[in-house]
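Enquirer:
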């Protein structure tokens, strides 16, 4: 028996997983609309940098729904990408790639892309901070919320960097024969009825045990609910794409997980609408609510994976272009969106019109900046995590 050929689903000669490329691109695009909606939202997830005077309950529900599965999907896709990466790289090459692709853009983004967002936020509160050049040194005055320093949406990048390195010994174990035998046994078991839902159990436990205390400040050093949750999703992504039988199980039970996602989401929505949501604490009711959220998150993620396997196994010129552009657009989009929102919310327009202007303008401006500067200048490509030798693509 050739265990390696039986278990490895990809090597340097095999076809690319276009479904994951589409999911990554669509997730980044959705993030723009998510943050545009945040301008008109107020709730338990916190206030955005810019807030319109009039809020939208519809966009609020949109944010609540997307928040359930969006970032977990990002981390799962990243875990799958790490599986592919480690098939072609040594552990040291993988670590070097993580530094180049994650840490350098994070440092650059924190110093260049985040300060304008904080500046516009302070302007909305009529804070006397002078010009942007006068404000910039103040950005480093203590850490938010006591001060101005933060990493905004780039929390995802630094979390992914840390999770990638912390989980590396486990990922390398899965590449060894013992590790491959272990997940091969699990892959066989996954085809049994209902087993596809079992990975939700650790997620539910994490949400119930940690979310009451660590609601999600995304500061890395004191955010155990998010760290453990996203670590799980990252490792899940690595394992799911290590053996075709995992994805076969997702396809086999796609209708089941989609049904469970809709049912549990309806219950969660019902709790929110009727305003019977328990107070955040270690009460039995609140723990059960958070465990339900953890279970629901897994159902949505696996349902989306199943749908992508069914409908997104193709490529075209749009995917070829956006696959390379997705990461720089992710890094840049929120800075552009905050700047545009600062001015648009002051206009005498309806919520729908403002939302469409903010989201559409952000897509257009971000893509224009990518096309004119990021894509064409090697030094800028380096700062945004792109390879110089891709310049003609």
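Residue numbers (our numbering): 117 to 509.
All C-beta atoms in this analysis are idealised placements derived from N, C-alpha and C, irrespective of residue type, glycine included.
1) Find out if the Cβ-Cβ distance for the pair residue 317, residue 376 is shorter than 8 Å.
2) Quick one, are the C-beta atoms of residue 210 and residue 231 less than 8 Å apart?
3) Given this structure, state the Cα-to-Cα distance separating residue 203 from residue 336, to the nearest angstrom.
4) Exposed or buried, residue 287, counting other C-beta atoms within 10 Å across all chains shown (16 or more means buried)?
5) Figure out for me which residue from 429, 443, 289 and 369 has the closest Cα to the Cα of residue 490.
6) Within its chain, find whatever has a CB closer than 8 Å to the CB of residue 481; leave out the 5 residues flanking it on each side and keep chain order.
7) DSSP three-state call for residue 385: helix, strand or coil?
8) Let's see if you can read the secondary structure: which residues bound the alpha helix (DSSP H) around residue 302?
9) Taking the Cβ atom as the reference point for each residue, do residue 350 and residue 194 lie within a distance shorter than 8 Å?
10) Could you tell me how far apart the beta carbons of residue 353 and residue 342 are, in whole angstroms, since I believe they sit closer than 8 Å?
11) Buried or exposed for residue 460, please, with buried defined as at least 16 other CB atoms from any protein chain shown within 10 angstroms of its CB.
12) Which value, in whole angstroms, describes the spacing of the CA atoms of residue 117 and residue 486?
13) Is DSSP giving residue 164 helix, strand or coil here?
14) Taking 8 Å as the cut-off, does the stretch 296 to 305 touch the stretch 358 to 370 (at least 3 CB pairs, one atom from each stretch)?
15) Specify, as a first and last residue, the run of the alpha helix (DSSP H) that residue 230 falls within.
16) Compute the beta-carbon to beta-carbon distance between residue 370 and residue 419, rounded to the nearest angstrom, for a pair I have assumed lies under 8 Å.
17) Would you mind giving the Cβ-Cβ distance between residue 408 and residue 380, rounded to the nearest angstrom? I have them listed as a contact below 8 Å.
18) In terms of alpha-carbon separation, which member of 224, 484, 465 and 322 lies closest to residue 169?
19) To which residues of the same chain is residue 320 closer than 7 Å at the C-beta, ignoring the five residues directly before and after it?
20) Which residues mark the beginning and the end of the alpha helix (DSSP H) in which residue 455 is found?
21) Does residue 293 pass the burial test, meaning 16 or more other C-beta atoms within 10 Å, or should it be called exposed?
22) Between the beta-carbon of residue 483 and the beta-carbon of residue 445, is there less than 8 Å?
23) Return the CA-CA distance between residue 474 and residue 236, expressed in angstroms with no decimal places.
24) What does the Cβ neighbour count give for residue 470, buried or exposed, with the cut at 16 atoms within 10 Å?
25) Classify residue 259 as helix, strand or coil using the three-state DSSP reduction.
26) Do you know how far the Cα of residue 188 is from the Cα of residue 322?
27) Is the beta carbon of residue 218 less than 8 Å from the beta carbon of residue 277?
28) Excluding the 5 residues flanking residue 326 on each side, which residues of the same chain have their C-beta closer than 7 Å to its C-beta?
29) In this structure, does DSSP put residue 430 in helix, strand or coil?
30) What are the boundary residues of the alpha helix (DSSP H) that residue 478 is part of?
31) What's the C-alpha gap between residue 404 and residue 391?
32) For residue 265, which residues does DSSP report across the bridge?
33) Are residue 143 and residue 179 touching if we call contact CB-CB under 8 Å?
Expert: Let me spell this out:
1) no
2) no
3) 29 Å
4) buried
5) 443
6) 452 and 456
7) helix
8) 293 to 305
9) yes
10) 16 Å between Cβ atoms; not a contact.
11) buried
12) Reliability of the predicted coordinates at residue 117 is poor, the pLDDT of 34 falling under 50, and the value obtained from them is presented with this limitation in mind. Roughly 49 Å between the two C-alpha positions.
13) coil
14) yes
15) 230 to 240
16) 7 Å
17) 6 Å
18) 465
19) 407, 410 and 411
20) 433 to 460
21) exposed
22) yes
23) 15 Å
24) buried
25) strand
26) 13 Å
27) yes
28) 340, 341 and 344
29) coil
30) 467 to 485
31) 16 Å
32) 259
33) no
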